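Only one structure is covered here, and it is reproduced in the block below.
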Amino acid sequence: VSTRLQAERVVVIDDDHAMRLSCKQILARMGFDVELFDNGANGLDGVARLKPVLVVVDLKMPGIGGMDVVARVHEMDPEAVILVITGYATIDTAVEAMKAGAYDFLPKPFSPDELRVIVNRSLERRSLLREARQLREDQEQLRRRFVTFVSHQLQSPLSAVHQYLDVLKRLSATSASEAQRAEWLERCLTRTDELQELIRDWLTLARVEGGSFVRTSEPVDLRAVIADLPERYGDRAAAQQVTIRVQSPPDPCPVLADRKALDVLVDNLIVNAIKYNRPQGTVVVSLACHGNEIRLAVADTGVGIPESQREFLFNEFFRVQSDATRTLPGTGLGLAICKRIASELGATIEVESREGEGTTFSVALPLVTPGNDAALAGAAVEDRE
Amino acid sequence: MKKVLIIDDDADFAASVSALLQHSGHYVLRARDGTEGVAMAAAEKPDVILCDVMMRERTEGFFTIQTLRRTPGLEDTPILVISSIYETLPFFTAPPERSWLHHDAFLRKPINPDTLLEMVQAAT
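Structure below.
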């Protein structure tokens, strides 16, 4: 039983009558709109005309061979999913078909279940690839038009506030009610806060990149950095019905770092962990030693980050695109700042996420031990000043 | 009185502009993105459409305007493009009859209330 909104089109190209019909039966039951062709030339015309999402091609056919059909379909529509079926299955033909643009390969004879599994798997992969491509294009466009984008981000709140004030001035003597006026003034304050936050983040990012943000490198016990987080972020967390817990080991966790930069890094991670959490969720900040490094982890119990979007997380202005997070405010710069600070501190930052369960960001910092002083010297920053 | 459709993902901008228009006796509809805007325009046939350019998908406004123009019954509806980024988009400042977007005018955010009211009033 299909849950597809609109029947997606499938083209089957096979010279074997019985095979065409059984493919049609299986695919039609999956909810596809199936068109059959008995040779390569007609099949290619059909593909050009029908623009199917999926093309099933038999490799051994008279006339235009299956391999050429695969290559031509792939050329016409690189996103069409091409499945190859054949009775003469060898590794070589499979590899050749994949090179020509096929997604997968199904040796005859096959069961209806085998076809179903392979079709679903291929279409799933197609939508993942599509999504990733769209995101990449989006990020690429952002890079190309960076100045335009930044100025848009800066001007939007300013325009909104100006517009409110302009309209308020005009309507003040007449129809705008007290309640409406109060609401608009409140919105003006929210938008100016948003603008200030953006400018602050933008400056922080610029200073980290310019090398003037991480200034000192002194021994810091990470336990001290995280100890008072539940108290410092308690109000903010309570407003979202989120609880913050800290797990510190009994022994010191010494690293060489700039305390202020560390605080900014942790601040960004914890603010995100609260913001992208669920009501009654938790944020756990923990420290653990692994060999020569200390791992500071901030784990939330939120909606998680779709896998296809994770590679862009640390890009400037990237924000996770989902219905759950669409309306949440944010500059899109927090994680870019974290990444740059981590790199200045000689640390690495990683993300692990499960959709619907939560996300964990962990920062691995070099541990201060007599053994790795050399590594620390590499991360030190005094020589910059 | 005109029926005005505002397509803008900035709720604050839409709220203030719609209050201004309502105060002057116009009837205002609001859509939060291009998809919603096209559907509303097709159903409601507004007298004039205000459309933002940089919405959620960043280029969404371009596609929205093109789609509006291709929608039966909306081919000639006046479209006022509103944005805060026109410096880098020369085709917006070109005379509208030469622009491939076929919009009717370009207004920079924030919009001067008098200019907006005049343009909405004059739109036919």
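So the protein lines, in turn, are chains C and B. Using the numbering used here, the letters of the first sequence map in sequence onto residues 11 to 395. Using the numbering used here, the letters of the second sequence map in sequence onto residues 167 to 290. Backbone N, C-alpha and C fix where the C-beta goes; we use that ideal spot for every residue, glycine too. Please read these numbers as outputs of a predicted model, since none were measured by experiment.
Exercise for review: Could you give the DSSP three-state label for residue 19 of chain C: helix, strand or coil?
Suggested key: strand
Practice item. Classify residue 27 of chain C as buried or exposed, calling it buried when 16 or more other Cβ atoms lie within 10 Å of its own Cβ. Key: exposed
Review point. For residue 142 of chain C, which residues from the same chain have a beta carbon less than 6 Å from its beta carbon, with the 5 sequence-adjacent residues on both sides left out?
Key: 318
Practice item. Please report how far the alpha carbon of residue 171 of chain B lies from the alpha carbon of residue 246 of chain B, in whole angstroms. Key: 10 Å
Review point. At which residues does the beta strand (DSSP E) containing residue 43 of chain C begin and terminate?
Key: 43-47
Exercise for review: Output yes if chain B places a C-beta closer than 9 Å to the C-beta of residue 176 of chain C; else output no.
Suggested key: yes
Review point. From residue 235 of chain C to residue 322 of chain C, what does the alpha carbon distance come to, in whole angstroms?
Key: 28 Å
Exercise for review: Could you say which of C:263, C:71, C:175 lies nearest to residue 97 of chain C if we only look at CA atoms?
Suggested key: C:71
Review point. So is residue 254 of chain B buried or exposed if we call it buried at 16+ other beta carbons inside 10 Å?
Key: The predicted position of residue 254 of chain B is uncertain, since its pLDDT is 47 and thus under 50; no value can be drawn from it.
Check your understanding: Where does residue 192 of chain B fall in DSSP's three states?
Key -> coil
Practice item. Spatial neighbours of residue 290 of chain C within its chain, please: CB distance less than 6 Å, with the 5 preceding and 5 following residues excluded, ordered by chain position. Key: 251
Exercise for review: With DSSP as the reference, label residue 332 of chain C as helix, strand or coil.
Suggested key: coil
**Study point:** Contact set for residue 213 of chain B: own chain, Cβ-Cβ below 6 Å, skip 5 residues either direction
**Key:** 168, 169
Review point. What residues from chain B crowd round residue 173 of chain C, counting only those whose CB sits closer than 8 Å?
Key: 178, 179, 182, 183, 275, 276, 277
Review point. Residue 192 of chain B CB to nearest chain C CB: under 9 Å?
Key: no
**Study point:** Reference residue 277 of chain C, options C:343, C:217, C:180, closest by Cα
**Key:** C:343
Review point. Which residue or residues does DSSP assign as beta-bridge partners of residue 257 of chain C?
Key: C:296
Exercise for review: Check whether the Cβ of residue 220 of chain B lies closer than 9 Å to any Cβ atom in chain C.
Suggested key: yes
Practice item. Select from the segment 131-151 of chain C all residues with a C-beta closer than 8 Å to any C-beta belonging to chain A, and list them in chain order. Key: Going by chain labels, chain A is absent from the structure shown, which instead holds the protein chains C and B.
Exercise for review: Below 7 Å CB to CB, which residues in the same chain sit around residue 34 of chain C once its five sequence neighbours on both sides are set aside?
Suggested key: 22, 44, 46
Exercise for review: Given a cut-off of 9 Å, decide if residue 274 of chain C and residue 214 of chain C are closer than it, judged by their beta-carbon atoms.
Suggested key: yes
Exercise for review: Would you check if the segment 279-297 of chain C and the segment 241-248 of chain C touch, i.e. whether three or more CB-CB distances between them fall below 8 Å?
Suggested key: yes
Review point. Is residue 15 of chain C close to chain B, meaning its C-beta is less than 9 Å from at least one C-beta of that chain?
Key: Low per-residue confidence applies at residue 15 of chain C: pLDDT is 47, beneath 50, and the placement is therefore not dependable, though the value from the model is reported in the following sentence. Judged by the 9 Å Cβ criterion, residue 15 of chain C is not in contact with chain B.
Exercise for review: Compare the Cα-Cα distances from residue 372 of chain C to each of C:233, C:101, C:295, C:125 and report the closest residue.
Suggested key: C:295
Review point. Going by Cα to Cα distance, which pick from C:205, C:145, C:111, C:131 is closest to residue 82 of chain C?
Key: C:111
Point to revise | Closer than 9 Å at the beta carbon, the chain C residues around residue 186 of chain B | key: 173, 176, 177, 180, 181
Review point. Are residue 30 of chain C and residue 48 of chain C closer than 9 Å when you measure CB to CB?
Key: yes
Review point. With 16 as the cutoff for other CB atoms within 10 Å, does residue 349 of chain C come out buried or exposed?
Key: buried
Check your understanding: For residue 51 of chain C, which option in C:78, C:130, C:267 has the closest C-alpha, if you only look at C-alpha atoms?
Key -> C:78
Review point. What in chain B is Cβ-close to residue 170 of chain C, meaning under 7 Å?
Key: 176, 178, 179
Review point. Under a three-way DSSP split, which group does residue 203 of chain B fall into?
Key: helix
Exercise for review: Closer than 7 Å by beta-carbon distance: list the chain B residues that pair up with residue 7 of chain C, in chain order.
Suggested key: The question about residue 7 of chain C has no answer here: the residues shown for chain C are numbered 11 through 395.
Point to revise | residue 206 of chain C at chain B interface by Cβ criterion, 9 Å | key: no
Exercise for review: Identify every residue that forms a DSSP beta bridge with residue 274 of chain B.
Suggested key: B:249
Check your understanding: Which residue from B:240, B:288, B:284, B:176 puts its Cα closest to that of residue 211 of chain B?
Key -> B:240
Check your understanding: Is residue 289 of chain B helix, strand or coil by DSSP?
Key -> coil
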